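Trainee:
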Ligand code: CMC
């Protein structure tokens with residue numbers, strides 16, 4: 106017999122269905138609650154609210170487990186590439202060699218961006234925020250590709266690979282604009298269209314020269330680790346916008362804006378600023394943490410809305426930071442400072458009692474900095490990596506054919522005022 110929860114309210118008893126996920130997660134289904142009782146549930150910040158059922162990503166926040174489509178993140182990090190993982194997320198299964206080849210070739214085909222859009226980019230001030238330029242340009246793509254406005258189109262592979270391809274070109278062009286250099290024509294970039302080459306070509310479009318293989322691999326790993334993270338702020342934004350039947354590109358442009366904030370993807374900029382400040386001003390990391398505990402400021406790259414354990418992505422990146430810097434012969438004092446901050450924090454009751462651990466942003470910036478990526482670009486790179494996740498989330502909303510997302514509220518403002 107199907108399980109239910111019993112709710113007693115105003116002398117009335119109702120049965121609420123229980124939904125169980127494939128990993129044993131349990132939810133009380135309240136979709137009929139208001140109809141049956143007149144009550145709604147109240148959960149500001151949605152920490153107890155499942156906004157959907159989803160087949161894409163599983164997180165066990167207490168144990169620090171992350172899996173894309175059932176595959177442990179550690180295994181994908183070791184064996185897969187960003188594009189293969191993107192295909193896995195979007196299509197729901199590990200691609201065959203032939204399917205992956207088709208996907209990679211589509212991305213190669215769609216890499217050029219219309220010169221008109223690159224001209225719009227040139228109109229931005231050089232010092233404009235790269236995230237402002239990215240979200241504007243992704244929306245701008247709709248103007249040059251009106252076919253993406255038709256959300257019923259059957260060839261979703263064309264639409265999704267177009268976005269994954271063009272966001273790379275745009276991100277590189279945004280970087281070059283911000284340093285006063287012209288965009289590099291993607292057609293000029295030599296090399297075969299292989300899954301592992303997505304990142305190498307991206308770095309080439311940014312810096313104008315082929316990166317060392319280990320550098321390209323490290324950025325590929327960063328992209329892969331950022332590729333999805335279930336119902337976070339930007340993915341929920343993407344789903345919310347998509348639920349109104351807005352097209353994929355518009356929904357992802359909105360997700361970029363959600364990612365921008367320092368409590369979400371923008372944290373990778375903030376932690377780098379904090380590490381640089383500690384280094385430049387010669388602040389003792391232990392003293393810096395005293396200010397955190399006195400709540401003068403937060404330690405960015407630490408804590409997470411749901412993880413109550415070490416973020417598995419941070420664990421992988423912590424090791425990768427060491428390896429990448431060694432392979433590049435780079436010695437960065439900021440890595441030493443980050444290690445000290447982590448060591449002290451993880452032994453301190455303030456962080457231990459609140460279950461605050463390093464998150465994905467804590468070490469990613471140190472790796473990107475070693476590659477020569479300026480801090481202001483960090484969140485743009487996060488967005489490039491997160492694109493497959495947003496695409497998969499948007500597609501799932503479309504496939505589920507659900508209702509437009511529309512939470513309710515409890516109104517607490519003035520009642521029945523008289524107009525003077
Ligand atoms: N530094 C210092 N104290 C913190 C931090 C931090 N980074 N994070 C949480 N706390 C404290 C907070 O002050 C509060 O203390 P108290 O109980 O005394 O009031 C307690 O921990 C719970 O904090 P909260 O704000 O209620 O927790 P939250 O779950 O809403 O916050 C968070 C999650 C990620 C916004 C927060 O941990 C934070 O601001 N971290 C820094 C920003 C950051 O690194 N964000 C990236 C998140 S991971 C990448 C991504 O997916 O975007």
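Numbering (the working numbering), first residue to last: 106 to 525. Yeah, the Cβ is synthetic: ideal placement off N, Cα and C, and Gly gets one too. Note that the structure is a prediction, hence the values are computed from the model and not measured.
Beta carbon of residue 279, beta carbon of residue 226: below 8 angstroms?
Mentor: In this structure, residue 226 lies closer than 8 angstroms to residue 279 by Cβ.
Trainee: Please confirm whether any heavy atom of the ligand CMC lies closer than 7 angstroms to the CB of residue 489.
Mentor: Not under cutoff, so the answer is no.
Trainee: Looking only at DSSP bridge pairs, what is residue 294 linked to?
Mentor: The partner list for residue 294 (beta bridge, DSSP) is empty, contrary to what the question assumes.
Trainee: Can you pull the DSSP bridge partners for residue 173?
Mentor: Paired residue(s): 162, 176.
Trainee: In chain order, what residues of the same chain lie with their CB nearer than 7 angstroms to the CB of residue 384, ignoring the 5 residues before and after it?
Mentor: Within the same chain, residue 384 has close Cβ partners 438, 439, 442.
Trainee: Would you call the segment 321-337 and the segment 416-433 in contact, with 3 or more CB pairs under 8 angstroms?
Mentor: The segment 321-337 vs the segment 416-433: in contact.
Trainee: Under the rule that 16 or more other beta-carbon atoms within 10 Å means buried, what is residue 347, buried or exposed?
Mentor: The residue in question, residue 347, is buried, as its Cβ has 16 or more Cβ neighbours within 10 Å.
Trainee: CB residue 305 to CB residue 212, shorter than 8 angstroms?
Mentor: The answer is no: Cβ separation not under 8 angstroms.
Trainee: If we call anything under 8 angstroms between Cβ atoms a contact, is residue 408 one with residue 467?
Mentor: Contact: no.
Trainee: My parser needs the alpha helix (DSSP H) runs of 4 or more residues fully inside the segment 289-350; what are they?
Mentor: Complete alpha helix (DSSP H) runs here, min 4: 302-312, 318-331, 338-347.
Trainee: Residue 508: which of 354, 136, 459, 110 sits nearest, CA to CA?
Mentor: Closest option to residue 508, Cα to Cα, is 136.
Trainee: Assess, as a yes-or-no matter, whether the segment 153-169 is touched by the segment 492-499 under the definition of 3 or more beta carbon pairs within less than 8 angstroms.
Mentor: The segment 492-499 vs the segment 153-169: in contact.
Trainee: One question on the structure: do residue 510 and residue 345 come within less than 8 angstroms of each other, judged by their Cβ atoms?
Mentor: Yes, the Cβ-Cβ distance between residue 510 and residue 345 is below 8 angstroms.
Trainee: Taking 6 angstroms as the limit between beta carbons, can you name the residues of its chain near residue 276, skipping five residues before and five after?
Mentor: Result list for residue 276: 485, 489, in chain order.
Trainee: In angstroms, rounded to a whole number, what distance separates the CA positions of residue 249 and residue 502?
Mentor: In a straight line, the C-alpha of residue 249 is about 25 angstroms away from that of residue 502.
Trainee: Can you tell which of 435, 294, 117 has its C-alpha closest to the C-alpha of residue 320?
Mentor: Taking only the C-alpha atoms, the option nearest residue 320 is 435.
Trainee: Confirm, please, whether the CB-CB distance from residue 194 to residue 493 is below 8 angstroms.
Mentor: Yes, the Cβ-Cβ distance between residue 493 and residue 194 is below 8 angstroms.
Trainee: Name the one or two DSSP bridge partners that residue 125 has.
Mentor: Per DSSP, 131.
Trainee: Do residue 358 and residue 243 have their CB atoms nearer than 8 angstroms?
Mentor: Cβ atoms of residue 358 and residue 243: closer than 8 angstroms.
Trainee: Considering only the alpha carbon of each residue, which of 414, 327, 199, 264 lies closest to residue 251?
Mentor: The shortest Cα separation from residue 251 among 414, 327, 199, 264 belongs to 264.
Trainee: Taking the alpha-carbon of residue 107 as reference, which of 114, 131, 118, 117 has the nearest alpha-carbon?
Mentor: It is 131.
Trainee: Output the boundary residues of the alpha helix (DSSP H) element that contains residue 269.
Mentor: Looking at the DSSP string, the run of the alpha helix (DSSP H) that includes residue 269 is 261-283.
Trainee: Let me know the secondary structure DSSP gives residue 110 once reduced to three states.
Mentor: Strand at residue 110.
Trainee: What are the partner residues of residue 119, as DSSP defines its beta bridges?
Mentor: Per DSSP, 112.
Trainee: Given 7 angstroms as the limit, tell me if residue 302 has its C-beta closer than that to any heavy atom belonging to the ligand SAH.
Mentor: By its list of ligands, the structure shown excludes the ligand SAH, since it contains just the ligand CMC.
Trainee: Would a C-beta distance cut-off of 8 angstroms place residue 148 and residue 154 closer than the cut-off?
Mentor: Yes, these two residues count as a Cβ contact at 8 angstroms.
Trainee: One question on the structure: do residue 483 and residue 377 come within less than 8 angstroms of each other, judged by their Cβ atoms?
Mentor: Result yes, Cβ atoms of residue 483 and residue 377 sit closer than 8 angstroms.
Trainee: Going by CA-CA distance only, name the one from 444, 293, 187, 447 that's closest to residue 327.
Mentor: It is 187.
Trainee: Rounded to the nearest angstrom, how far is the Cβ of residue 369 from that of residue 339, given a contact under 8 angstroms?
Mentor: Confirmed, about 6 angstroms.
Trainee: Count the other CB atoms within 10 Å of the CB of residue 303; is the residue buried (16 or more) or exposed (fewer)?
Mentor: The residue in question, residue 303, is buried, as its Cβ has 16 or more Cβ neighbours within 10 Å.
Trainee: Check whether the Cβ of residue 108 lies closer than 7 angstroms to any heavy atom of the ligand CMC, and answer yes or no.
Mentor: Not under cutoff, so the answer is no.
Trainee: Compute the Euclidean distance between the alpha carbons of residue 218 and residue 428, then round it to the nearest angstrom.
Mentor: For residue 218 and residue 428, the distance between alpha carbons rounds to 35 angstroms.
Trainee: At a cut-off of 7 angstroms, would you count residue 521 as near the ligand CMC, judging by its Cβ distance to the nearest heavy atom?
Mentor: Answer for residue 521: no, Cβ out of range of the ligand CMC.
Trainee: Would you mind reading off the limits of the alpha helix (DSSP H) that contains residue 528?
Mentor: Missing from the structure shown is residue 528; the chain here goes from 106 to 525 and no further.
Trainee: List the DSSP bridge partners of residue 407.
Mentor: Its beta-bridge partners are 463.
Trainee: Can you give, in chain order, each stretch of the alpha helix (DSSP H) that sits fully within the segment 428-482 and has at least 4 residues?
Mentor: Fully enclosed alpha helix (DSSP H) runs of 4 or longer: 438-450, 454-458, 466-475.
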